[in-house]
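Enquirer:
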Amino acid sequence: MKIKINFSLLFLTTFIVIKNGYSQEEISKYEELKAWKLSYIIKNTSMNPEELEIYKCIFEDYENNYHNEIWSKVIRRHNDFSGKNKKEIFDKISSSEAMNLIYDFDSYELKGMEMKHNRNRRLLKKIRPEIVLSILYQEKNFNRELFKKRRNDSKNKINQN
2 MKIKINFSLL FLTTFIVIKN GYSQEEISKY EELKAWKLSY IIKNTSMNPE ELEIYKCIFE
62 DYENNYHNEI WSKVIRRHND FSGKNKKEIF DKISSSEAMN LIYDFDSYEL KGMEMKHNRN
122 RRLLKKIRPE IVLSILYQEK NFNRELFKKR RNDSKNKINQ N
């Protein structure tokens, strides 16, 4: 009995350590990406010191809320299908499951747009509109750069194999 308890305790401890390590890695990648995005936008936008401080606060608030409320939930739903044959999944999924999945993704998208709209309104109340426009433009440029980088990384991985 004592051996079973020790084995269970060892298994539970190992599981918790691995899970915490994975969670910390995921958080640090998110924090790294967020810092890169903030740096990119600040570098390419002409804000005065007061606007910069306001922007940093709104940026942190929006990015953290978006990550927690939208991004992590979308990733979780996508991970439900990771490593599986997509065609097989789509052939076997029931109508009600498919409908629920579509509604979930629609609701995430709507909630994300609502959050972005609220963020933009907050920015416009505190920062000059031409600066807000520049921020939004730089955010779009950042997303393009990130997409290009990920696409090139994927191509390089394929070419290495």
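Sequential numbering from 2 applies to the sequence shown in my numbering. Note that beta-carbon positions come from the ideal geometry of N, C-alpha and C, so glycine has one too. These figures come from a predicted structure and were not determined experimentally.
With a threshold of 7 Å on Cβ separation, who are the neighbours of G113 within its own chain once the five nearest residues in sequence on each side are excluded?
Expert: Closer than 7 Å at the Cβ level, and outside the excluded window around G113, lie Y67 and I71.
Enquirer: Within a Cβ cutoff of 6 Å, which residues of the same chain sit near S24, ignoring the five residues on either side of it in sequence?
Expert: Annotation note: pLDDT 49 at S24 (below 50); position unreliable, coordinate value reported separately. Closer than 6 Å at the Cβ level, and outside the excluded window around S24, lies no residue.
Enquirer: Our contact map puts F60 next to L34 with C-beta atoms below 8 Å; I'd like the distance itself, whole angstroms only.
Expert: Wrong, their Cβ atoms sit about 13 Å apart, outside the cutoff.
Enquirer: Note down, in chain order, each residue of its chain lying with its Cβ closer than 7 Å to the Cβ of I42, except the 5 sequence neighbours on either side.
Expert: Answer for I42: I136, Q139, E140 and F143, listed in chain order.
Enquirer: Below 7 Å CB to CB, which residues in the same chain sit around N7 once its five sequence neighbours on both sides are set aside?
Expert: With a pLDDT of 46 at N7, under the threshold of 50, the modelled position of this residue cannot be trusted; read the value that follows with caution. Correct list: empty, nothing qualifies.
Enquirer: Taking Cβ positions, are I128 and E52 nearer each other than 7 Å?
Expert: Cβ distance < 7 Å, so I128 and E52 count as in contact.
Enquirer: Once the 5 residues before and after G22 are set aside, which same chain residues still bring their CB inside 6 Å of it?
Expert: Note that G22 has pLDDT 47, beneath the 50 cutoff, so the model's placement of it is unreliable and the number below is only indicative. Correct list: empty, nothing qualifies.
Enquirer: Put M48 into one of helix, strand or coil per three-state DSSP.
Expert: Three-state result, M48: coil.
Enquirer: From which residue to which residue does the alpha helix (DSSP H) around E98 run?
Expert: Element bounds for E98: S96 to K127.
Enquirer: Which residues mark the beginning and the end of the alpha helix (DSSP H) in which H68 is found?
Expert: Note, H68: premise wrong, no alpha helix (DSSP H); not H, not E.
Enquirer: Helix, strand or coil for D81 per DSSP?
Expert: It is coil, neither helix nor strand.
Enquirer: Please check the pair V75 and Y109, which I expect to be a contact at CB under 8 Å, by giving their CB distance rounded to whole angstroms.
Expert: About 5 Å separates the two Cβ atoms, so the contact holds.
Enquirer: Would you call M48 buried or exposed, if buried means 16 or more other Cβ atoms sit within 10 Å of its Cβ?
Expert: Flag for M48 reads buried.
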